[in-house]
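Engineer:
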Amino acid sequence: MPTDASAIDGSLAQVRRFVAQTTGTAPTDEELADALGRYFVMKEIADHIAMVRGGESGEG
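Here you go:
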């Protein structure tokens with residue numbers, strides 16, 4: 208499914224800035240990919256999307 212990558216690119220840039228501000232150094236692509244692939248982060252993203260859509264958490 209084709210997507211508009213500009214929305215994702217903007218969000219990734221925001222995460223890079225936040226990490227740089229809080230740690231003093233921007234994350235590498237590898238560090239960012241590792242962090243985004245962690246179960247806790249993926250679960251938070253899924254729960255947030257479900258909330259925005261007006262649904263329930265994926266747990267049940």
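Numbered continuously in my numbering, the sequence shown closes out at residue 267. Using N, Cα and C, we set each Cβ at its ideal position, and we do this for glycine too. Keep in mind it's a predicted model, so treat the numbers as computed, not measured.
(1) Touch check for the region 234-245 and the region 210-226: three-plus C-beta pairs under 8 Å?
(2) According to DSSP, simplified to helix, strand and coil, what is Ala-233?
(3) Where do the N-terminal and C-terminal ends of the alpha helix (DSSP H) with Asp-211 fall, by residue?
(4) So what does DSSP say about Arg-223, is it helix, strand or coil?
Structural biologist: Once the coordinates are examined:
(1) yes
(2) coil
(3) No alpha helix (DSSP H) contains Asp-211, which DSSP labels as neither H nor E.
(4) helix
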